Amino acid sequence: MILAAIDIGSNAARLLISEVEQKGKEVTFNRINIVRIPLQLGFDVFEKGFIGSRKRKMLIDTIKAYKQLMKVYEVEHYMACATSAMRDAQNSKEIIKEIEDETSIEIEIISGELEAEIIYENHIAELLDNKDSYLYMDVGGGSTELTLYRNNELVLQKSVNIGTVRLLTNKVTNEAWEELKDTCKMIAKNYAPIIGIGSGGNINKIFSLLRSKDDKYLQSTAVKDMYRDMLQLNIEERMKKYNIKKDRAEVIAPALEIYTNIFKWCNVEQVLVPKIGLADGLIHHLYDLVIKEA
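For the sequence shown, my numbering begins at 521 and goes up steadily by one.
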């Protein structure tokens, strides 16, 4: 079965195409292709409140291209979701209607809580030792999602309006920082010891830049050191030193700031980074829906 997920975030839009195979009770999810376009919708939305004509056209063209790729790969089912920037954009509904009229692709704007739930659909924590608490962390362009898992049970799902693009546009409120801090301190007080599970493009890139060959976990001290280093560098210097693209060089410092604070407030020392994101969770979620309807 070939499935596809479209994730329209505040910094980038991704298309993930996966082949799902079921042998007995075992189900395997194999990535066939993943495409990422750095649309950076959040820069429009968080500064102006709406998506401007240039980025609107870029988004529509991106979805048209994704539709053609899904056709080539013979995708049987798809799910398309938009997150923080589209949640906040005044003109998101009319853009979604225009996309559907031009491409027949239906896009759902999901809440932060549902976003956290779908990220959890990857069920990584269920494969680990249940004596610890596991905190899923996903830092996006417009929001940060936290999902806490303990003793084989889902304990907490939280979405806070703190993200990399929101920080770069100076649109993160003191109240949002306090909300994140209070949530993390409550988690640290009641559910220690905590092991982090990082998902999304930011933590995946940070891990790939910091890890050595045999590293299974990302160490919070290394993230803190990297954040200090990034603050000393401008965009061009980050691109050169870390061999990263411009759009990643822009958002990586605020991502490191958010993760550093979460690690400190939650007393997280180690983070497992299984190279997953919202799109992977969407594939799992979609597969469950297809099986139920079959």
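All residues carry an ideal CB built from backbone N, CA and C; glycine is no exception.
Note that the structure is a prediction, hence the values are computed from the model and not measured.
Can you check whether the CB of residue j is closer than 8 Å to the CB of residue i?
i	j	result
Lys641	Ile522	Checking the sequence, you will find Glu at residue 641 rather than Lys. No; because the gap between Cβ atoms is not below 8 Å, this pair is not in contact.
Leu674	Ile707	no
Phe727	Val793	yes
Ala605	Ile627	no
Ala712	Tyr598	no
Glu539	Ile557	no
Leu730	Leu738	yes
Ile625	Lys587	yes
Leu700	Pro774	no
Below 7 Å CB to CB, which residues in the same chain sit around residue i once its five sequence neighbours on both sides are set aside?
i	result
Val685	Ser530, Asn531, Gln560, Gly562, Phe563, Phe566, Gly661, Gly662, Val771
Lys575	Leu559, Leu561, Asp564
Lys691	Phe566
Ile639	Tyr656, Asp658, Glu665, Thr667, Ser719, Leu798, Gly801
Asn724	Val793, Lys795
Asn611	Phe570, Ile571
Cys704	Ile782, Trp785, Cys786
Among the residues of its own chain, which have a CB less than 8 Å from the CB of residue i, if the five just before and after it don't count?
i	result
Leu822	This structure gives no information on residue 822, because the portion of the chain shown stretches from 521 to 814.
Glu594	Ile522
Lys736	Leu792
Asp808	Glu641
Met590	Ala524, Leu535, Ile537, Tyr598
Ile755	Lys766, Ala769, Glu770
Let me check you understand the geometry: is the CB of residue i closer than 7 Å to at least one non-hydrogen atom of the ligand HEM?
i	result
Ile580	Ligands are entirely absent from the displayed structure, and the ligand HEM is therefore not among its contents.
Would you mind working out which of the options sits nearest residue i, comparing C-alpha positions?
i	options	result
Asn694	Ile682, Thr703, Lys705	Ile682
Glu665	Ile778, Val743, Asn710	Ile778
Leu798	Lys784, Asp745, Tyr762, Ser719	Ser719
Ala609	Lys568, Ile583, Ser624	Lys568
Ala696	Ile782, Lys584, His805, Ala585	Ile782
Ile676	Glu637, His804, Leu687	The question names Ile, but residue 676 in the sequence shown is Leu. Among Glu637, His804, Leu687, the Cα nearest to that of Leu676 is on Glu637.
Ser740	Glu813, Val680, Ile714	Ile714
Gly721	Lys613, Lys584, Asn650, Ile764	Ile764
Val743	Glu757, Asn710, Thr780	Thr780
Got a sec? Which residues, its chain only, sit under 6 Å from residue i by beta carbon, not counting five neighbours each side?
i	result
Gly716	Leu655, Met657, Val788, Val791
Ile644	Ile717, Pro794
Val680	Thr664, Ala696, Glu699, Leu700
With three or more C-beta pairs closer than 8 Å as the rule, is the segment 739-759 touching the segment 623-634? no
Enumerated in chain order, which unbroken segments of the beta strand (DSSP E) with a length of 3 residues or greater are wholly contained in the segment 530-558? 533-543, 546-557
Enumerate, from N- to C-terminal direction, the unbroken alpha helix (DSSP H) stretches of 4 or more residues contained entirely within the segment 727-804. 740-751, 755-762, 766-786
Can you list the alpha helix (DSSP H) stretches of 4 or more residues lying completely in the segment 676-730, in chain order? 684-688, 694-711, 721-730
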